[in-house]
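Taking it in order: structure first as C-alpha cells, then the write-up.
Chains as they are written, first to last, in our numbering: chain A, 565 to 684; chain B, 2 to 418.
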C-alpha cells in the first residue's frame with residue numbers, strides 16, 4: 565500500500581489547531597487526514613516541534629531543510645519520494661497518491677458529501 | 002490525632018483556596034509522619050512553592066532529603082524547569098544536525114504554555130505511576146497549587162485517558178499520538194492511583210469563611226465527579242472562643258467564623274472533618290510545624306513579631322488616580338487568597354458609583370465575583386471568563402469549520418475586558 569508521510573512545520577500540537585487563531589488550511593488538512601484514514605489510506609504525520617529526529621533521520625527531508633530551511637515545510641513524501649513541498653495537499657491529491665477513489669464531491673455542497681459519519 | 006492522618010493511604014493531596022494553609026498543613030503532616038517513623042516524600046506542584054522556605058532549605062526540581070528531619074524528603078515540581086528539560090530532550094539530539102534557524106524555530110515553538118503544562122504533567126504522573134517511589138516512601142504528600150490549577154492538574158489524567166481511548170481529537174496540546182501511546186500505561190496507572198481510595202486521599206483545606214467553604218465545596222464536587230472519592234475536610238485557623246475576651250475585633254471574627262461553619266454546604270458535612278485552631282505564631286521552622294497539629298501546645302520561642310508600618314494609599318485615593326486616565330484597563334495581581342477579587346470588586350463599585358461604566362471580569366475558574374457582588378449597580382457589568390466554556394466554544398467553532406463555514410473563524414468574539 566502507498567505510504568504518505570507528512571513533515572509538518574513546528575506546531576504546538578500534532579495538527580496545529582490548538583491555538584486560538586486557527587489556520588483554516590490546517591483545520592482542513594486535519595479533516596482530510598481523518599478522511600483518508602477512514603478510507604483505509606496510510607498516512608503519517610511528523611511535527612518538527614515534537615519529533616525533530618524524524619526530520620534529521622530522513623535524508624530527503626534533511627537535505628530539503630538544509631537547502632530551503634523551515635519554509636520548505638510541510639513536506640509530503642509518497643513512498644519515500646518528495647511529492648509536495650511548501651503547502652498541504654488537497655483531498656483529491658491525497659486520494660490519487662493513496663490510489664483510492666476520490667472524494668464524491670470536492671467543491672459541491674449538499675447531502676451525500678460525507679462518506680462516513682464524520683465531517684467532509 | 003487528626004482524622005485526616007488516620008489510616009493514611011500512599012498518596013495525599015492538599016487542596017484549597019489560596020492562603021488557607023495548604024503548605025503549612027502539608028509540611029506539618031509530613032513532619033509528623035516522618036517523626037512517627039514513616040518515610041515521606043513531600044511534593045510541591047505550586048510554581049511559587051515555598052516549602053523550602055518553610056523548612057529553611059533549598060529543595061528544587063529533584064528529590065532532596067531534609068537533613069533536619071530523618072525519613073523526610075522534598076521535591077518541588079517547577080513547571081518552567083520541567084519545560085526546559087523537555088525542550089532540551091527534544092532539541093538536543095538535532096542541534097548541529099538540522100540547520101540552525103530550523104532548530105531556533107523548534108525552540109521558539111516549545112516556549113509556550115502548552116509545553117510547560119505537558120512537562121509539569123509528565124513529572125506529576127511519573128510520581129503516581131512509578132512503583133519505585135512506593136518502595137522508597139510510605140507516603141507521598143502533594144502540597145498542590147491554588148485550586149484552579151489543582152483542578153486542571155488533577156483532571157488531566159482522566160481527560161488524557163479518555164482522549165487516548167477515543168483515539169480522536171488531535172486538537173489539543175497533547176503532543177503527537179505516537180508519543181502518547183508509549184506513555185499510555187503511565188497515564189493509566191496514574192488515573193488508577195488517583196481514583197483508588199485505598200491509595201489516594203484528598204484533603205480539602207478551608208478557613209472558617211463562607212467564600213473559602215464554597216470553594217472547598219466546589220472542589221469537592223468537581224473532584225468527586227472525576228472519581229476522587231476519598232475526601233477529608235480540614236478547617237484551618239479556627240479562632241477559639243477563649244481568645245475573644247475583651248477584644249471586640251476578635252469577637253466579631255469569632256462570630257463570623259461560627260456563622261460560616263453553621264452555614265457550611267451540606268455535601269461538606271458528610272466528610273470527615275478536622276478543626277485546626279488558629280495559632281499565635283508564624284508557621285516557619287520545625288518547632289512551629291510540630292505545634293500546628295498539636296492542640297493546646299506551647300508557643301515556640303521567638304515567635305512574637307513587630308509589624309512595620311506600611312505607607313499605602315487608601316482605596317479612594319487609588320481610585321482618584323485611576324479615573325484621571327478616563328479609560329483604562331486595570332489588572333489586580335497577587336498571591337492566592339490575599340484579596341485580589343475583593344479589591345477588584347471594591348474598585349469597580351467605587352468607579353461605577355462615580356458614574357463610570359465598568360466591566361469587571363475574571364479568568365480564575367474558582368472566582369467568586371458573582372458571590373462578592375450579589376445585587377448589581379448601574380454602570381457595572383460582571384462577567385467571568387470560564388476556561389471550560391471557552392474551550393467548548395472553541396471546539397464547536399472548529400467543528401463548524403470542518404462542516405464548511407470558513408468565515409466563522411473571522412467572527413471570533415473576543416471577550417470584552
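Just so it is clear, CB atoms sit at the ideal spot from N, CA and C, and this is done for glycine as well.
Counted within 10 angstroms of its Cβ, other Cβ atoms place residue i as buried (16 or more) or exposed
{"i": "residue 23 of chain B", "result": "buried"}
{"i": "residue 629 of chain A", "result": "buried"}
{"i": "residue 574 of chain A", "result": "buried"}
{"i": "residue 140 of chain B", "result": "buried"}
{"i": "residue 270 of chain B", "result": "exposed"}
{"i": "residue 25 of chain B", "result": "buried"}
{"i": "residue 1 of chain B", "result": "As displayed, chain B neither begins before 2 nor continues past 418, which places residue 1 of chain B out of reach and without an answer."}
{"i": "residue 631 of chain A", "result": "exposed"}
{"i": "residue 295 of chain B", "result": "exposed"}
{"i": "residue 596 of chain A", "result": "buried"}
{"i": "residue 566 of chain A", "result": "exposed"}
{"i": "residue 154 of chain B", "result": "Any reading at residue 154 of chain B is ruled out, since the residue's pLDDT is 46, under 50, leaving its predicted position unreliable."}
{"i": "residue 627 of chain A", "result": "exposed"}
{"i": "residue 132 of chain B", "result": "exposed"}
{"i": "residue 679 of chain A", "result": "Confidence at residue 679 of chain A is low in this model, with a pLDDT of 36, below 50, so the placement of that residue is unreliable and no value is reported for it."}
{"i": "residue 667 of chain A", "result": "buried"}
{"i": "residue 653 of chain A", "result": "buried"}
{"i": "residue 394 of chain B", "result": "exposed"}
Residue i at chain B interface by Cβ criterion, 8 Å
{"i": "residue 619 of chain A", "result": "yes"}
{"i": "residue 600 of chain A", "result": "no"}
{"i": "residue 623 of chain A", "result": "no"}
{"i": "residue 630 of chain A", "result": "yes"}
{"i": "residue 672 of chain A", "result": "With a pLDDT of 39 at residue 672 of chain A, under the threshold of 50, the modelled position of that residue is not reliable, and the figure given next carries that caveat. Not one chain B Cβ lies under 8 Å of residue 672 of chain A."}
{"i": "residue 603 of chain A", "result": "no"}
{"i": "residue 616 of chain A", "result": "yes"}
{"i": "residue 639 of chain A", "result": "no"}
{"i": "residue 658 of chain A", "result": "no"}
{"i": "residue 612 of chain A", "result": "yes"}
{"i": "residue 568 of chain A", "result": "no"}
{"i": "residue 650 of chain A", "result": "no"}
{"i": "residue 644 of chain A", "result": "no"}
{"i": "residue 662 of chain A", "result": "no"}
{"i": "residue 634 of chain A", "result": "yes"}
{"i": "residue 574 of chain A", "result": "yes"}
Within-8 Å CB hit, residue i to chain A
{"i": "residue 344 of chain B", "result": "no"}
{"i": "residue 99 of chain B", "result": "yes"}
{"i": "residue 232 of chain B", "result": "no"}
{"i": "residue 94 of chain B", "result": "yes"}
{"i": "residue 16 of chain B", "result": "no"}
{"i": "residue 247 of chain B", "result": "no"}
{"i": "residue 110 of chain B", "result": "yes"}
{"i": "residue 103 of chain B", "result": "yes"}
{"i": "residue 86 of chain B", "result": "no"}
{"i": "residue 106 of chain B", "result": "yes"}
{"i": "residue 91 of chain B", "result": "yes"}
{"i": "residue 168 of chain B", "result": "Only weak support is given to the placement of residue 168 of chain B: the predicted model assigns it a pLDDT of 45, under 50, and the value that follows is read from those uncertain coordinates. Not an interface residue."}
Bridge partners - residue i, DSSP secondary structure assignment
{"i": "residue 384 of chain B", "result": "B:362"}
{"i": "residue 1 of chain B", "result": "Only positions 2 to 418 of chain B appear in the structure, and residue 1 of chain B is not among them; the question remains open."}
{"i": "residue 567 of chain A", "result": "A:606"}
{"i": "residue 140 of chain B", "result": "B:41"}
{"i": "residue 208 of chain B", "result": "B:237"}
{"i": "residue 15 of chain B", "result": "B:144, B:204"}
{"i": "residue 572 of chain A", "result": "A:611"}
{"i": "residue 96 of chain B", "result": "B:99"}
{"i": "residue 64 of chain B", "result": "DSSP, once it has assigned bridges, lists no residue as partnering residue 64 of chain B."}
Beta-carbon proximity of residue i to residue j, cut-off 8 Å
{"i": "residue 32 of chain B", "j": "residue 290 of chain B", "result": "yes"}
{"i": "residue 12 of chain B", "j": "residue 201 of chain B", "result": "yes"}
{"i": "residue 42 of chain B", "j": "residue 69 of chain B", "result": "no"}
{"i": "residue 591 of chain A", "j": "residue 638 of chain A", "result": "no"}
{"i": "residue 53 of chain B", "j": "residue 60 of chain B", "result": "yes"}
{"i": "residue 142 of chain B", "j": "residue 30 of chain B", "result": "yes"}
{"i": "residue 634 of chain A", "j": "residue 641 of chain A", "result": "no"}
{"i": "residue 211 of chain B", "j": "residue 261 of chain B", "result": "yes"}
{"i": "residue 348 of chain B", "j": "residue 324 of chain B", "result": "no"}
{"i": "residue 78 of chain B", "j": "residue 67 of chain B", "result": "no"}
{"i": "residue 361 of chain B", "j": "residue 346 of chain B", "result": "yes"}
Inter-residue CB distance, residue i and residue j (contact presumed, cutoff 8 Å)
{"i": "residue 15 of chain B", "j": "residue 145 of chain B", "result": "6 Å"}
{"i": "residue 209 of chain B", "j": "residue 236 of chain B", "result": "6 Å"}
{"i": "residue 229 of chain B", "j": "residue 250 of chain B", "result": "About 38 Å separates the two Cβ atoms, so there is no contact after all."}
{"i": "residue 62 of chain B", "j": "residue 35 of chain B", "result": "In fact, because the Cβ distance is near 21 Å, the residues do not count as touching under 8 Å."}
{"i": "residue 572 of chain A", "j": "residue 611 of chain A", "result": "5 Å"}
{"i": "residue 191 of chain B", "j": "residue 126 of chain B", "result": "4 Å"}
{"i": "residue 593 of chain A", "j": "residue 99 of chain B", "result": "Their Cβ separation, rounded to whole angstroms, is 23 Å, which puts residue 593 of chain A and residue 99 of chain B out of contact at 8 Å."}
{"i": "residue 240 of chain B", "j": "residue 255 of chain B", "result": "5 Å"}
{"i": "residue 76 of chain B", "j": "residue 44 of chain B", "result": "5 Å"}
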